Amino acid sequence: MGTGETHLYIPDNTTVTELKVRYGETDQMGVVYHPNYLSYFEMGRTTWIETHWQPYRAFEKRGLLLPLTDATVHYLKSAHYDETLEVQTTLTHLTPLRVTFDYRIVRSYDGLLLTTGKTQHVWVSPSFHPVSLKKIWPEAYAYLERIPRV
Numbered sequence: 176m177g178t179g180e181t182h183l184y185i186p187d188n189t190t191v192t193e194l195k196v197r198y199g200e201t202d203q204m205g206v207v208y209h210p211n212y213l214s215y216f217e218m219g220r221t222t223w224i225e226t227h228w229q230p231y232r233a234f235e236k237r238g239l240l241l242p243l244t245d246a247t248v249h250y251l252k253s254a255h256y257d258e259t260l261e262v263q264t265t266l267t268h269l270t271p272l273r274v275t276f277d278y279r280i281v282r283s284y285d286g287l288l289l290t291t292g293k294t295q296h297v298w299v300s301p302s303f304h305p306v307s308l309k310k311i312w313p314e315a316y317a318y319l320e321r322i323p324r325v
């Protein structure tokens, strides 16, 4: 994957979340400060969950939380203040206990790939004990399991 790659194909399992870089998200060099990409991933993940199932709050009402257990970010090109970005979020792995999302952040006006990443999450109870989505909410698991993976 080259650093000048543009994204031409978006799988059916992918949502696109558009955002505009705010001044407070940049550093002294005028580029997006690196931890902010994890917030962009979270925005994309929330959109993905709402688009493909229900609002995230529906999981919380069932006593399910989805904390982050692992994250990787690959910075290819810089994003700058006032640029419009697209966060492309794809569900890539699902088990009764874990879920993994992949992310691609592209600059909207030219499709230039800026950042890629991945997050892994585990289903837990409000007391942070791992739980099986398949047991707690079988309908949700069955629905999510049917979504094609890339």
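Each position in the sequence shown, counted from 1, maps to that position plus 175 in my numbering. All C-beta atoms in this analysis are idealised placements derived from N, C-alpha and C, irrespective of residue type, glycine included. Being a predicted model, the structure only gives us computed values, none of them experimental.
Query raised in the report: CB-CB under 7 Å to Val297, same chain, minus the five flanking residues each way: which ones, in chain order?
Result: Taking the first residue of the sequence shown as 1, we reach residue 297 at position 122. Excluding sequence neighbours, Val297 sits near Pro242, Thr244, Leu272, Arg273, Pro305.
Query raised in the report: Using a Cβ-Cβ cut-off of 6 Å (strictly less than) and excluding sequence neighbours within five positions of Ile224, which residues of its own chain qualify?
Result: For the purposes of this step, residue 224 is identified with residue 49 of the sequence shown, where counting begins at 1. Once the five neighbours on either side are set aside, the close Cβ partners of Ile224 are Tyr231.
Query raised in the report: Using a Cβ-Cβ cut-off of 6 Å (strictly less than) and excluding sequence neighbours within five positions of Trp312, which residues of its own chain qualify?
Result: Here the question's residue 312 lines up with position 137 in the sequence shown. So the qualifying residues of the chain are Arg237.
Requested in this report: Using alpha carbons as the reference points, say which of Tyr256, Val262, Val248 lies closest to Glu200.
Outcome: One-based indexing of the sequence shown puts residue 200 at position 25. It is Tyr256.
Query raised in the report: Which residues bound the beta strand (DSSP E) around Thr222?
Result: Position 47 of the sequence shown, counted from the start, is the residue given in the question as residue 222. Careful: Thr222 lies outside any beta strand (DSSP E), inside the alpha helix (DSSP H) at 211-227.
Query - First and last residue of the uninterrupted alpha helix (DSSP H) at Tyr278 - result: Locating residue 278 in the sequence shown gives position 103, where the first residue counts as 1. First-last for Tyr278: 273-282, but that is the beta strand (DSSP E), not the alpha helix (DSSP H).
Report task. Taking 8 Å as the cut-off, decide whether the C-beta atoms of Leu218 and Leu194 are in contact. Result -> Within the sequence shown, residue 218 is the residue found at index 43, counting from 1. Within the sequence shown, residue 194 is the residue found at index 19, counting from 1. Note on residue identity: the sequence assigns Met, not Leu, to residue 218. The answer is yes: Cβ separation under 8 Å.
Query raised in the report: Just reading off the beta strand (DSSP E) that Lys195 is part of, what are its end residues?
Result: Position 20 of the sequence shown, counting from 1, holds the residue named residue 195. Its beta strand (DSSP E) spans residues 189-195.
Query raised in the report: Per DSSP, which one or two residues make a beta bridge with His268?
Result: Indexing the sequence shown from 1 puts residue 268 at position 93. Per DSSP, Thr275.
Query raised in the report: Given Val248, which residues of its chain have a CB within under 6 Å of its CB, disregarding the five upstream and five downstream residues?
Result: Mapped onto the sequence shown, residue 248 falls at position 73. Only Tyr212, Gly292 meet the Cβ criterion.
**Report entry** Residue from Arg197, Thr189, Pro210, Leu239 whose Cα sits closest to the Cα of Ala315
**Finding:** Mapped onto the sequence shown, residue 315 falls at position 140. Of the listed residues, the one whose Cα sits closest to Ala315 is Leu239.
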